Amino acid sequence: MNIIDESGILAISTRLQRLSEQLRKDGALIYKSFDIDFEPKWFPVIFTLYHKKKLSVVEISNEIGYTHPSTISLLKELEKQKLIQSKKDKQDERKRLIVLSPKGTELVEKMKPVWELMSKVLGEIADNKNHLLAAIDEAEEKIATQSFYQRVLQMKNEK
């Protein structure tokens, strides 16, 4: 056990990042082993567009919970890969609507069985006595009502 593992709750961000990086790295290897050219960081946008069909940049940003600049950067990458395309909104000419391209739709069809397999395995990994996903949901709910930063300031001011 290293010092980060021993430090308990103080290192939660570091440990979640470490877990996330491991899952992302393995995810990339899984896609590669199925001969699928796909970066795990593209997943939230591709998955969202697969389910929602046509969204504005702001709507995608809200759906995936990323900042507007991060979303735009991802969209540029996906456009360069020809996995998405944008169309002008018929109601509002200034608004761009993003959709999966035919290449993107084809890729999703190829990935669906892999996602099913990944879901099963991730379910096994997360299904432990502490229920990882439920714990993350609860922590995210608490942070949504009052951020980590706001809570620290409040506690500091109560002293």
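When you read off a place in the sequence shown, starting at 1, and then add 367, the result is the number in the working numbering. Idealized CB from N, CA, C, for every residue including glycine. Note that this is a predicted model, so its numbers are computed, not measured.
Residue i, buried or exposed, once every other Cβ within 10 Å from all chains shown has been counted against 16
| i | result |
| --- | --- |
| ILE413 | buried |
| ILE403 | exposed |
| THR512 | exposed |
| TYR398 | buried |
| ILE503 | exposed |
| MET522 | exposed |
| SER380 | exposed |
| GLY490 | exposed |
| SER400 | exposed |
| LEU520 | exposed |
| ILE427 | buried |
| LEU445 | buried |
| ILE465 | buried |
| ILE376 | exposed |
Residues near residue i by beta carbon distance below 6 angstroms, same chain, minus five either side
| i | result |
| --- | --- |
| TYR433 | none |
| LEU416 | LEU467 |
| LEU499 | ALA493 |
| PRO411 | ILE431 |
Cβ neighbours of residue i in the same chain (closer than 7 angstroms, five flanking residues each side left out)
| i | result |
| --- | --- |
| GLN384 | none |
| ARG391 | PRO407 |
Sheet register partners of residue i (DSSP bridge)
| i | result |
| --- | --- |
| ARG463 | LYS455 |
| LYS421 | VAL466 |
Chain B contact for residue i (CB, 8 angstroms cutoff)
| i | result |
| --- | --- |
| GLY394 | Here there is only one protein chain, and chain B is not present. |
Cβ neighbours of residue i in the same chain (closer than 8 angstroms, five flanking residues each side left out)
| i | result |
| --- | --- |
| TRP525 | Sequence inspection shows Glu at residue 525; the Trp mentioned does not correspond to that position. Excluding sequence neighbours, GLU525 sits near nothing in its chain. |
Nearest-angstrom beta carbon gap, residue j and residue i [assumed within contact, 8 angstroms]
| i | j | result |
| --- | --- | --- |
| LEU442 | VAL424 | 7 angstroms |
Inset, instruction - Could you pull out every unbroken alpha helix (DSSP H) segment of at least 4 residues lying fully inside the segment 391-452, listed in chain order? - result: 410-419, 424-431, 435-447
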